[in-house]
Amino acid sequence: MSDEHSVTRKHNVRMLLQKMRDGIIKELSANIDPKLGITYPDAEADLKSDVQPTLEALHKEGFLLKEQKENVTLCRRCNGASFKIMHRCPNCNSLNLRKGMVIQHLTCGYANLESVFAEHDYVCLKCKKRLRALGVDYIKPGVQYVCNDCGNIAQNPIISLKCWTCGELQSIDETRYVEVSTYTLDHSKRELLAKVTFNLTPIIQRVHALGWVAKKDYKIRGKSGVEHTFTLGLWQYEHGLREAPEVVVDIHMDVVDDVHVLTLYAKIIDTGVKNAILAAVPIATEKAKALAKYYDITIVEAEGADALVEKLTLAIEDVIKS
Ligand SMILES: [Zn+2]
Ligand SMILES: [Zn+2]
Ligand SMILES: [Zn+2]
254 MSDEHSVTRK
264 HNVRMLLQKM
274 RDGIIKELSA
284 NIDPKLGITY
294 PDAEADLKSD
304 VQPTLEALHK
314 EGFLLKEQKE
324 NVTLCRRCNG
334 ASFKIMHRCP
344 NCNSLNLRKG
354 MVIQHLTCGY
364 ANLESVFAEH
374 DYVCLKCKKR
384 LRALGVDYIK
394 PGVQYVCNDC
404 GNIAQNPIIS
414 LKCWTCGELQ
424 SIDETRYVEV
434 STYTLDHSKR
444 ELLAKVTFNL
454 TPIIQRVHAL
464 GWVAKKDYKI
474 RGKSGVEHTF
484 TLGLWQYEHG
494 LREAPEVVVD
504 IHMDVVDDVH
514 VLTLYAKIID
524 TGVKNAILAA
534 VPIATEKAKA
544 LAKYYDITIV
554 EAEGADALVE
564 KLTLAIEDVI
574 KS
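Here the working numbering = 1-based position in the sequence shown + 253.
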């Protein structure tokens, strides 16, 4: 059995790993959203919340490989990723700065923008002497920022960032520096994966041998207009995939209770499917079993992934043959 503290105890985490094992999800790559910061859309569909801590836990537990792709700067307060970037005077904190080529008069040490010297016909504002030759009595130290309030000249003003989402003002050092990674399933961890996911291939092969077709992660729109997903959809070969499946299978990698039975019942009513099998790993509650019996849903209980394949294959054969 898996560790009792493992995140894989949660059904939705197992379903995500299952989709990755089945190749439905190839990799979990990040999306940088200006408002939401880092998101993992493919993982969010299953996990709903705590996505990044869960992926990180799955990486630490050995299920997922992690590869850093880039980094992103996030707001320290709301994790948003878009900022208004402002330059501030390092001396007086003013935002009132001009940027341009600077001239320093070596004779007296006075410095200002070249444009200011030009306005005064290259006569120094401080010592009133005319500038003569570059490199002789004045130099150009480069493009810099001149403060209109205190006169300070700085090559590197303070960069402050204002979050577009929450308005928080922060320096670069105060923002959150976050590594952005892509996660893939470590298929080499066969034993580890076998504890929390199942292998549908033997079931599908058995179904084919009986002249039926099986489709994994089968999506169908119900009469209500809502799209439903079943772990498996099954058809007799000659009927093809055109109509609704004759049999559907849902697998729940956790204790199945009455709510899960009702959910499946609602899905089959909406889609018009006649036969449904609900597999529980490891068990279903008594209430769930009673409800399933009433709604004519077959419950299969299996203590682990191997037993699941065996028992589910038998249950599907029973339904197909009847
Ligand atoms: Zn200043
Ligand atoms: Zn001067
Ligand atoms: Zn913010």
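The beta-carbon is built from N, C-alpha and C at its ideal position, and this holds for glycine as well.
Tell me the rounded alpha-carbon separation between residue i and residue j.
i, j, result
"I457", "V534", "19 Å"
"V376", "L366", "13 Å"
"V562", "I552", "14 Å"
"M268", "K442", "17 Å"
"A537", "I521", "19 Å"
"Y548", "C331", "47 Å"
"S255", "G557", "Confidence at S255 is low in this model, with a pLDDT of 47, below 50, so its placement is unreliable and no value can be given for it."
"G478", "K272", "24 Å"
"A497", "G525", "7 Å"
"L289", "V389", "55 Å"
"E539", "A560", "20 Å"
"E257", "H312", "17 Å"
"A529", "L565", "12 Å"
"D374", "L384", "9 Å"
"F451", "E427", "45 Å"
"V260", "V266", "7 Å"
If you measure from the CB of residue i, is any heavy atom of ligand 3 nearer than 6 Å?
i, result
"T418", "yes"
"C403", "no"
"R383", "no"
"E427", "no"
"E421", "yes"
Are residue i and residue j closer than 7 Å when you measure CB to CB?
i, j, result
"R351", "V396", "no"
"S413", "M354", "no"
"T307", "L300", "yes"
"A532", "I504", "yes"
"V572", "V500", "yes"
"A310", "V433", "no"
"E280", "T516", "no"
"Y391", "I356", "yes"
"D402", "S368", "no"
"K469", "L453", "yes"
Can you check which of these residues, the options, is closest to residue i by C-alpha distance?
i, options, result
"K382", "T360, V389, E372", "T360"
"A407", "P394, K448, C419", "P394"
"K415", "L300, H461, D507, G333", "G333"
"I411", "K469, P343, D402", "P343"
"H328", "W417, A541, K448", "A quick correction: the sequence has Cys, not His, at residue 328. Ranking the options by Cα distance to C328, first place goes to W417."
"Y293", "T435, F336, T484", "T435"
"I277", "K263, A296, I356", "A296"
"G420", "S335, A543, H264, D523", "S335"
"K322", "S302, K468, I285, L453", "I285"
"K337", "A543, P287, N401", "P287"
"Y589", "Y490, L270, D507, H481", "No answer is possible for residue 589: the residues shown for the chain start at 254 and end at 575."
"V304", "R341, G315, I291", "I291"
Flag residue i as yes when its Cβ comes closer than 6 Å to any non-hydrogen atom of ligand 1, and as no otherwise.
i, result
"S347", "yes"
"N365", "no"
"N344", "yes"
Does the Cβ of residue i lie closer than 6 Å to at least one heavy atom of ligand 2?
i, result
"K393", "no"
"H358", "yes"
"C331", "no"
"C400", "no"
"C361", "yes"
"K379", "yes"
I think residue i touches residue j, with their Cβ atoms under 8 Å apart; what is that distance to the nearest whole Å?
i, j, result
"Y363", "L378", "7 Å"
"V325", "V466", "So it is not a contact: roughly 44 Å between Cβ atoms."
"T484", "V502", "5 Å"
"L446", "R274", "6 Å"
"A555", "V514", "With 8 Å as the limit, A555 and V514 do not qualify as a contact, their Cβ atoms being about 17 Å apart."
"N409", "C345", "About 15 Å; that fails the 8 Å criterion."
When every heavy atom of ligand 5 is checked, does at least one fall within less than 6 Å of the C-beta of residue i?
i, result
"T551", "Ligand 5 is absent from the structure shown, which contains only ligand 1, ligand 2 and ligand 3."
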